[in-house]
Amino acid sequence: MAPTGFTQIADWAGWLWRGVRSRLGLALIGLGVAFLAVVVALVWIFADALQPVGADLIDFATSQFGFSVILALVLFGVINGVVAYCIYYERKISAWIQDRRGPNRTGPWGFFQPVADGLKFVFKEDVIPAHVDKVLFVLAPTIAFIVAFVGWAVIPWGGQVQLGGHLLNVQVAGPDIGLLYILGVGSMGVYGVVLGGWASNNKYSFYGGIRATAQMLSYEIPMGVCVLIVVLTMGTLRLEDITVAQTGYWAGWIPQWNVFLHPVAFVILFITVLAETNRTPFDLAEAEQELVGGFHTEYSALKFGMFFLGEYAHMITGSAFIAVLFLGGWHFPWIPWTQPEATQWYAALAKMVVLGLKIVCFLFVMMWLRWTVLRFRFDQLMRLAWLCLIPMTLALFVLTVVLLYLGEPRSIWATIGNVVILIVSMGYAALRNKPVTGRQANMPPIVEGGLGDARIRAGVSA
Amino acid sequence: MIRDEDILEIRPPALSPAERLYLPQIIGGLWRTLVHLVRNLFAGGAMTVQYPEQKRKLRVENYRGVHRLNRDEKDRVACVACFMCSTACPAHCIHIEAAESPWDDREKYPAKFDIDELRCIYCGMCEEACPVDAIELTPHYDLVGRSREEMILGKEELLAVFDETKNEKPRKNPRITGYLNTGHRQAGGEGGASQG
Numbered sequence: 001m002a003p004t005g006f007t008q009i010a011d012w013a014g015w016l017w018r019g020v021r022s023r024l025g026l027a028l029i030g031l032g033v034a035f036l037a038v039v040v041a042l043v044w045i046f047a048d049a050l051q052p053v054g055a056d057l058i059d060f061a062t063s064q065f066g067f068s069v070i071l072a073l074v075l076f077g078v079i080n081g082v083v084a085y086c087i088y089y090e091r092k093i094s095a096w097i098q099d100r101r102g103p104n105r106t107g108p109w110g111f112f113q114p115v116a117d118g119l120k121f122v123f124k125e126d127v128i129p130a131h132v133d134k135v136l137f138v139l140a141p142t143i144a145f146i147v148a149f150v151g152w153a154v155i156p157w158g159g160q161v162q163l164g165g166h167l168l169n170v171q172v173a174g175p176d177i178g179l180l181y182i183l184g185v186g187s188m189g190v191y192g193v194v195l196g197g198w199a200s201n202n203k204y205s206f207y208g209g210i211r212a213t214a215q216m217l218s219y220e221i222p223m224g225v226c227v228l229i230v231v232l233t234m235g236t237l238r239l240e241d242i243t244v245a246q247t248g249y250w251a252g253w254i255p256q257w258n259v260f261l262h263p264v265a266f267v268i269l270f271i272t273v274l275a276e277t278n279r280t281p282f283d284l285a286e287a288e289q290e291l292v293g294g295f296h297t298e299y300s301a302l303k304f305g306m307f308f309l310g311e312y313a314h315m316i317t318g319s320a321f322i323a324v325l326f327l328g329g330w331h332f333p334w335i336p337w338t339q340p341e342a343t344q345w346y347a348a349l350a351k352m353v354v355l356g357l358k359i360v361c362f363l364f365v366m367m368w369l370r371w372t373v374l375r376f377r378f379d380q381l382m383r384l385a386w387l388c389l390i391p392m393t394l395a396l397f398v399l400t401v402v403l404l405y406l407g408e409p410r411s412i413w414a415t416i417g418n419v420v421i422l423i424v425s426m427g428y429a430a431l432r433n434k435p436v437t438g439r440q441a442n443m444p445p446i447v448e449g450g451l452g453d454a455r456i457r458a459g460v461s462a
Numbered sequence: 463m464i465r466d467e468d469i470l471e472i473r474p475p476a477l478s479p480a481e482r483l484y485l486p487q488i489i490g491g492l493w494r495t496l497v498h499l500v501r502n503l504f505a506g507g508a509m510t511v512q513y514p515e516q517k518r519k520l521r522v523e524n525y526r527g528v529h530r531l532n533r534d535e536k537d538r539v540a541c542v543a544c545f546m547c548s549t550a551c552p553a554h555c556i557h558i559e560a561a562e563s564p565w566d567d568r569e570k571y572p573a574k575f576d577i578d579e580l581r582c583i584y585c586g587m588c589e590e591a592c593p594v595d596a597i598e599l600t601p602h603y604d605l606v607g608r609s610r611e612e613m614i615l616g617k618e619e620l621l622a623v624f625d626e627t628k629n630e631k632p633r634k635n636p637r638i639t640g641y642l643n644t645g646h647r648q649a650g651g652e653g654g655a656s657q658g
């Protein structure tokens, strides 16, 4: 029997205790205590001299600029850690779905697996093949990594907070065009993939890059229109304002989240974000089975790790983006701390937790989909974007514009219109009597001696 | 020669209107995977064997692991050095040197009996070929060594494997002890891998 429940907890306790009791553990603890003692002693001795410096530091931290800098640094660390644990989370979910256990050897529940993975990325040999374009080859993972992280800057994390007499935005930067910034930066992500595929100077990688480009071009359109629907409904491009505008209630208890107004647009935006982040079923750029990893075939060690981290960071950015646009960002109904009026520091923390939980839910759905749905074939991918998503989003767009003209963009009619559009498109898809896939459509009918004749394909003369 | 009637024309069946909606199918798939996930999380549905702590239950009678050389009831090596196993071996991994037997119930016995466990493909042909059921494959599979030479098991080592595994997997026909008793076994109609 595998250890379960209490025996397992006892096992881990023993493991921890042995770690503490070992010579290395004792040495580390001793060093830590000594370091703390030295720091406390130094602060004690130089307390008078440090006083003005401390006051300056507090002044800096409570100005918007200083707060943004600190927030950016903290977020960078936190998100790197979260991204590492995303990989662990993904492996666990895939294991559970496939009736396996997943990583469980490195610490309790395999909890230190990301540390081991990270060390592996750092210490493996970093190969740059002889036939690659060296500049672009190094540049590509850097772009993928940086672009995935700069999108964070405009995500409104926790509304406003009152610190040291100043009202600060819990946001690294709050430009009026936050939405456009995040769209632009998100689309830059494809450069990492395309350049990686091109610089590798390898057919499969190149195919991966080309596929990513075509996919990105196709899915930018429904994504842009979905975002436009939100912008028209809310009348602003500032993400903070979009969040605050979703904090009211309908009929006294339904939160005014956009997802209730435009459920279909929400689903379509989620699908396009999946496509933008190259996640299954849209991971044609990687496609291990066909392209041997696609754009990252030639990459190893830290460069591969950067692609990897970039993909997961991009997922988190996309999730936060959808959460802000459609699920009210940091707002959660009925909890007073997550209302815009609450500006205490603990309220800001509560708001961060709420947004974080929403992101985690999205990540779970993305991973769940990855281990359920098969990868699309390329023509299916294009068909989905051009024949299904774009017409639907355009219909939704027209609906929003009409409602805006009538002066009621946030009424029940938006929801009704969404449902009608969904039913009409699904009915059209179900009832038109056409082959679903391109291959079926392009296959010639079987005629005697024709192209589809089985005898010709078998190499037998009639 | 492929004839027309040999050719099978296979076409995927057309999708029904309900399947054409696609979304219900996706949701059905998601439900299925969710059921597995929840079952695995809360009801322990994982199939994984936690190897070093847990071991699979093997079918001892026919698992083909490390070889052993059986002893007869007088604790002598049961092998009669007939070379049947090394002849049957497709990997040529058995090396036998025969010598005159010191016992009077058989003519020869193996002075040297080496099996290269790295060359062996564990097909079990030696066991099939042995007329006296002296060589058998055991359910031991975790054989390790630090060098190629170490993985060549000699006679004493193979006999030691027998001592380790005789309780787990008793000798197939304990009554067959030596060369002279073969006739008795055939008269008794005893089954077994080898019939003379």
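Chains as they are written, first to last, in our numbering: chain A, 1 to 462; chain W, 463 to 658.
Ideal placement from N, C-alpha and C gives every residue a C-beta, glycine not left out.
All values derive from a computational prediction rather than experimental measurement.
Label Cys547 (chain W) either buried or exposed according to how many other C-beta atoms from any shown protein chain fall within 10 Å of its C-beta, with 16 as the threshold for buried. The Cβ neighbour count for Cys547 (chain W), taken over all protein chains shown within 10 Å, is at least 16; the residue is labelled buried.
From Asp117 (chain A) to Asp468 (chain W), what does the alpha carbon distance come to, in whole angstroms? A direct Cα-to-Cα measurement between Asp117 (chain A) and Asp468 (chain W) gives close to 53 Å.
Could you tell me whether the stretch 358 to 366 of chain A touches the stretch 323 to 338 of chain A, where touching means 3 or more Cβ pairs closer than 8 Å? yes
If I follow the unbroken alpha helix (DSSP H) through Pro486 (chain W), where does it start and stop? Run containing Pro486 (chain W): Leu485 to Phe504, per the alpha helix (DSSP H) assignment.
Pull up the distance between the alpha-carbon of Gly81 (chain A) and that of Val511 (chain W), whole angstroms please. 30 Å
7 Å Cβ cut-off: residues of chain W touching Leu431 (chain A): Correct list: Pro479.
Mind checking which residues open and close the alpha helix (DSSP H) that includes Glu589 (chain W)? Met587 to Ala591
Would you give the residue range spanned by the alpha helix (DSSP H) that Glu311 (chain A) belongs to? Ala301 to Phe326
Provide the residue span of the beta strand (DSSP E) that contains Asn169 (chain A), from first to last. Looking at the DSSP string, the run of the beta strand (DSSP E) that includes Asn169 (chain A) is His166 to Asn169.
Only counting runs of 3 or more residues, tell me where the beta strand (DSSP E) segments fall wholly within the stretch 111 to 187 of chain A, in order along the chain. 160 to 163 and 166 to 169
Minimum Cβ-Cβ distance from Thr393 (chain A) to chain W less than 9 Å: no
If contacts are defined as beta-carbon pairs under 8 Å, then Ala323 (chain A) and Trp337 (chain A) qualify, I think. What distance do you get, rounded to the angstrom? Between Ala323 (chain A) and Trp337 (chain A) the beta-carbon gap is near 17 Å, outside 8 Å, which marks them as no contact.
Name the DSSP bridge partner or partners of Pro572 (chain W)? W:Ala560
How would you label Thr272 (chain A), buried or exposed, when you count the other beta carbons within 10 angstroms and need 16 or more for buried? buried
Between the Cα of Gln215 (chain A) and the Cα atoms of A:Ala287, A:Leu381, A:Gly165 and A:Asp99, which residue gives the shortest distance? A:Leu381
What number of angstroms, rounded off, separates the C-alpha of Lys351 (chain A) from the C-alpha of Ala508 (chain W)? 37 Å
Taking only three categories from DSSP, how would you classify Arg439 (chain A)? Residue placement at Arg439 (chain A) cannot be trusted, given a pLDDT of 48 that sits under 50; the coordinates are not used to answer.
Between the beta-carbon of Leu239 (chain A) and the beta-carbon of Gly174 (chain A), is there less than 9 Å? Yes, they are a contact pair.
Beta-carbon spacing of Gly209 (chain A), Pro141 (chain A) below 9 Å: no
May I ask you to report which of helix, strand or coil DSSP gives Met392 (chain A)? helix
For Pro552 (chain W), count neighbouring Cβ atoms within 10 angstroms of its own Cβ and tell me buried if that reaches 16, exposed if not. Flag for Pro552 (chain W) reads exposed.
Using a threshold of 9 Å, state whether the C-beta atoms of Thr280 (chain A) and Arg370 (chain A) are closer than that. yes
Arg100 (chain A) touches chain W at which residues, Cβ-Cβ below 9 Å? Asn502, Ala508, Met509 and Thr510
Of all the CB atoms in chain W, is at least one closer than 9 Å to the CB of Trp152 (chain A)? No, Trp152 (chain A) does not count as interfacial toward chain W.
With a threshold of 8 Å, are at least 3 pairs of Cβ atoms found where one atom belongs to the stretch 141 to 155 of chain A and the other to the stretch 52 to 64 of chain A? In short, these stretches do not touch, since the Cβ pair count stays below three.
Using the C-alpha atoms, what's the distance from Val78 (chain A) back to Val20 (chain A)? Each residue's Cα considered, the two are about 26 Å apart.
Give the DSSP bridge partners of Trp250 (chain A), in chain order. In the DSSP output, where bridge partners are listed per residue, Trp250 (chain A) has A:Ile254.
Beta-carbon proximity of Glu589 (chain W) to Ile583 (chain W), cut-off 9 Å: no
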